[in-house]
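*Asks:* Okay, handing you the structure first.
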Amino acid sequence: MKFMHNPKIKIFIMLVLFISIFFTGLNNHSLWTPDEPRVAEIGREMAERGNFLIPELNKKPFLEHPPLYYASLAVVFKIAKKATDGLARIPSAIYGMAGALATFLMGYTLFGLNIGLFSAFIVSTSFEYLRVSHWVIVDSGLACFVFFAMWSYIRAYFSNEKERKSLFYILFYVFCILAFFVKGFIGIAIPAVTILSFLILDRNIRELARMHLWLGLLIFFMSLFLWALCLYHYGGMEYLKVFFLDNNLLRFLPGGTSGHQRPFYYYLTEFPAGFIPWSILIIPAFFYVFSKDISHDKKKILFLMCWFISGFILLSLSATKRILYMLPIFAPISIIIALFIEYVTESSHLKMIYKIFLWLYGGLYVIMGVSFLPTALYAIKTYEIDMENIKLVFTAFISLIVVTTGVLALTRLKKYKNNSFFYLTGLSLYIILVFALIYIPPEVDRYKSLKPFAVKVSESVPEHIPIYSYKPDETIRGFIPFYTGRYLIEVHERNDLKSIKKTVNTIYIAIRDKDNELKNQLMEEGFVEVLYFPMGMDRSLYLFKN
23 MKFMHNPKIK
33 IFIMLVLFIS
43 IFFTGLNNHS
53 LWTPDEPRVA
63 EIGREMAERG
73 NFLIPELNKK
83 PFLEHPPLYY
93 ASLAVVFKIA
103 KKATDGLARI
113 PSAIYGMAGA
123 LATFLMGYTL
133 FGLNIGLFSA
143 FIVSTSFEYL
153 RVSHWVIVDS
163 GLACFVFFAM
173 WSYIRAYFSN
183 EKERKSLFYI
193 LFYVFCILAF
203 FVKGFIGIAI
213 PAVTILSFLI
223 LDRNIRELAR
233 MHLWLGLLIF
243 FMSLFLWALC
253 LYHYGGMEYL
263 KVFFLDNNLL
273 RFLPGGTSGH
283 QRPFYYYLTE
293 FPAGFIPWSI
303 LIIPAFFYVF
313 SKDISHDKKK
323 ILFLMCWFIS
333 GFILLSLSAT
343 KRILYMLPIF
353 APISIIIALF
363 IEYVTESSHL
373 KMIYKIFLWL
383 YGGLYVIMGV
393 SFLPTALYAI
403 KTYEIDMENI
413 KLVFTAFISL
423 IVVTTGVLAL
433 TRLKKYKNNS
443 FFYLTGLSLY
453 IILVFALIYI
463 PPEVDRYKSL
473 KPFAVKVSES
483 VPEHIPIYSY
493 KPDETIRGFI
503 PFYTGRYLIE
513 VHERNDLKSI
523 KKTVNTIYIA
533 IRDKDNELKN
543 QLMEEGFVEV
553 LYFPMGMDRS
563 LYLFKN
């Protein structure tokens, strides 16, 4: 593989991989719960209203996050002059690819081209990062801007030119502010704790004086003040309270407003699952960077460790936790693993602990390849999936390729051809991901899609009659307007429902129910079931009529 030593060819292959991974499978399934219907509809309404400052869901303010990600969606919908599932995923794909590019730039700036390429491939192919990059959700934008902010800081801190240092510190502040306008104060907090801990451990607190902090704070507070004025203009003190108190401060504290309350240790088990398959190499990578074998700049490694560990602790302290919240610290651990991979590829003798984890990592691909076809057959039988024979044949073919490349990779590892080992396992991973992105979502969509129900509701309710919803959650407030273009009239109290019945002759009510609680209440009020759509074990969608 001598051609792989050409830097231009390496970069070209990286771009091809980026485009194929991040833009495959965007349009082969509908919006899925829990997040996509809500976020996509907010973007659609923003495009429809032309107001890019105040997010709304079903014509009501939705201030969980600032408007930047939703504005990205609105721009795509405006350009396309329509809103579809595939179009809704384009911003996340772009943010995901841009975040991978930022990871490449950080690795390249700190340690050279190979580390940049390795780290970009690692972050792009980690399970949760790739999933979020194909998901209509704000966290892809947050990770992207945090990565670019940290790259700007690296360029500034390790530069000896005064003008260049100042320029990149300003860029750092700009990207931090963009991260804030995607998801709030966490976009500022992660860079802040990283840099503070790094400067303390590097014994260089005086660098704060060279960072033009006054300028960064001035830009941030001016931007924040202007947006707060917009919030106050549209909704007064209530809007300010909902955003700053309910959706930022209280989300961080125990007993806050979010339902994703998790214990402190939650990420200790969930992070490795989200970083699969690369999580297998975290332990040997940490052994390497703390060992005497390390040949890379320790100050630069210190920065990466401060980013990963301080970010991990900060996110663990928050009461609300989901694995996708960890995306802003995927870049530093990807670069650390890339350092380990470079060391392995250049070494002829490895410690036993390194060998054990490399064998585990290579064996993972053989196991995945062997399990492809049995897993597909089990799913077909268990869930009564009607899969075409040609797809089964193709699944068997992909399984054979992955097993073959996995076995070849292990034989190269046995012969100390570690460079070939990583190329072959990388090829296996790429094949698995592209296959999964193309073939798995359409099959899952048969069971997760909410679109058929929305279409039937639109067909069942004449256009001149409004659609009501009784105690609607964010999902039903999102997907019905998105797919039908018809907003819901929300009814939140049973007494209000009774009042409406007295004044309106024909009422259609759509509900997303759990354990038949809402269904029973509507039937007690004399409503008759028109449509039924199951959603898992305990949730269902219904359309009722009086």
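Note that our numbering has the sequence shown beginning at 23, numbered continuously upward. Note that beta-carbon positions come from the ideal geometry of N, C-alpha and C, so glycine has one too.
According to DSSP, is residue 490 helix, strand or coil?
*Replies:* Three-state result, residue 490: strand.
*Asks:* Using DSSP with H/G/I as helix, E/B as strand and the rest coil, what is residue 288?
*Replies:* helix
*Asks:* From the DSSP output, in three-state form, read off residue 160 for me.
*Replies:* The three-state reading of DSSP puts residue 160 in coil, since its state is none of H, G, I, E or B.
*Asks:* Which one of 513, 556, 558, 547 has the shortest CA to CA distance from residue 80?
*Replies:* Comparing C-alpha distances from residue 80 to each of 513, 556, 558, 547 shows the shortest one belongs to 513.
*Asks:* Going along the chain, which unbroken runs of the alpha helix (DSSP H) with 4 or more residues stay wholly within the region 26-88?
*Replies:* 29-45, 58-71
*Asks:* Name the DSSP bridge partner or partners of residue 556?
*Replies:* 562
*Asks:* Look at the Cβ atom of residue 530, then the Cβ atom of residue 511, and state whether they are nearer than 7 Å.
*Replies:* no
*Asks:* Using the C-alpha atoms, what's the distance from residue 72 back to residue 288?
*Replies:* In this structure, the CA atom of residue 288 is about 40 Å from the CA atom of residue 72.
*Asks:* Should residue 535 be labelled buried (16 or more other beta-carbon atoms within 10 Å of its own) or exposed?
*Replies:* buried
*Asks:* For the region 302-355, list the alpha helix (DSSP H) runs that are entirely contained and at least 4 residues long, ordered along the chain.
*Replies:* 304-311, 320-339
*Asks:* State the Cα-Cα distance for the pair residue 335 and residue 84, rounded to the nearest angstrom.
*Replies:* 29 Å
*Asks:* Is the CB-CB distance between residue 340 and residue 274 below 7 Å?
*Replies:* Contact: yes.
*Asks:* In three-state terms, what does DSSP make of residue 509?
*Replies:* coil
*Asks:* Does the region 436-452 touch the region 356-373, meaning 3 or more C-beta pairs lie closer than 8 Å?
*Replies:* Yes: the two stretches touch, three or more of their Cβ pairs being nearer than 8 Å.
*Asks:* Among all the DSSP beta bridges, which residues are the ones paired with residue 534?
*Replies:* Beta-bridge partners of residue 534 (DSSP): 563.
*Asks:* Mind pulling the beta strand (DSSP E) runs of 3 or more residues that sit fully within the region 235-269?
*Replies:* none
*Asks:* Which of the three DSSP states, helix, strand or coil, is assigned to residue 550?
*Replies:* Three-state result, residue 550: strand.
*Asks:* Apart from the five residues just before and just after residue 236, which ones in its own chain have a Cβ nearer than 7 Å to its Cβ?
*Replies:* none
*Asks:* Assuming residue 150 is part of the alpha helix (DSSP H), what are its boundary residues?
*Replies:* 149-155
*Asks:* Measuring straight from C-alpha to C-alpha, what distance separates residue 153 and residue 54?
*Replies:* 12 Å
*Asks:* Is it the case that the Cβ atoms of residue 498 and residue 457 are separated by a distance below 7 Å?
*Replies:* no
*Asks:* Can you give me the start and stop residues for the alpha helix (DSSP H) that residue 118 sits inside?
*Replies:* 107-133 is the span of the alpha helix (DSSP H), which, as asked, contains residue 118.
*Asks:* Measure the C-alpha to C-alpha separation of residue 326 and residue 132 and round it to an integer number of angstroms.
*Replies:* 10 Å
*Asks:* By a C-beta neighbour count over all protein chains shown, 10 Å radius and 16 as the cutoff for buried, is residue 300 buried or exposed?
*Replies:* buried
*Asks:* Taking the continuous alpha helix (DSSP H) assigned at residue 481, which residues delimit it?
*Replies:* 473-482
*Asks:* Which residue's Cα is closest to the Cα of residue 396: 417, 516, 338, 435?
*Replies:* 417
*Asks:* Looking at residue 566: is its Cβ nearer than 7 Å to the Cβ of residue 544?
*Replies:* Cβ distance < 7 Å, so residue 566 and residue 544 count as in contact.
*Asks:* How would you write the range of the alpha helix (DSSP H) that residue 463 sits in, first residue to last?
*Replies:* 440-470
*Asks:* Whole angstroms is fine: what's the gap from residue 189's alpha carbon to residue 178's?
*Replies:* So the alpha carbons of these two residues sit roughly 8 Å apart.
*Asks:* Taking the alpha carbon of residue 554 as the reference point, which residue from 525, 428, 507, 475 has its own alpha carbon closest?
*Replies:* 475
*Asks:* What are the boundary residues of the alpha helix (DSSP H) that residue 428 is part of?
*Replies:* 411-436
*Asks:* By how many angstroms is the C-alpha of residue 438 removed from the C-alpha of residue 165?
*Replies:* 36 Å
*Asks:* Straight-line CA distance for residue 97 to residue 223?
*Replies:* 43 Å
*Asks:* Contact defined as beta carbons within less than 8 Å: I believe residue 329 pairs with residue 216. What is the distance between those atoms, to the nearest angstrom?
*Replies:* 4 Å
*Asks:* Is the beta carbon of residue 59 less than 7 Å from the beta carbon of residue 500?
*Replies:* Taking 7 Å as the cut-off, the beta carbon of residue 59 is found closer than this to the beta carbon of residue 500.
*Asks:* Roughly how many angstroms separate the alpha carbons of residue 521 and residue 353, rounded to a whole number?
*Replies:* 55 Å
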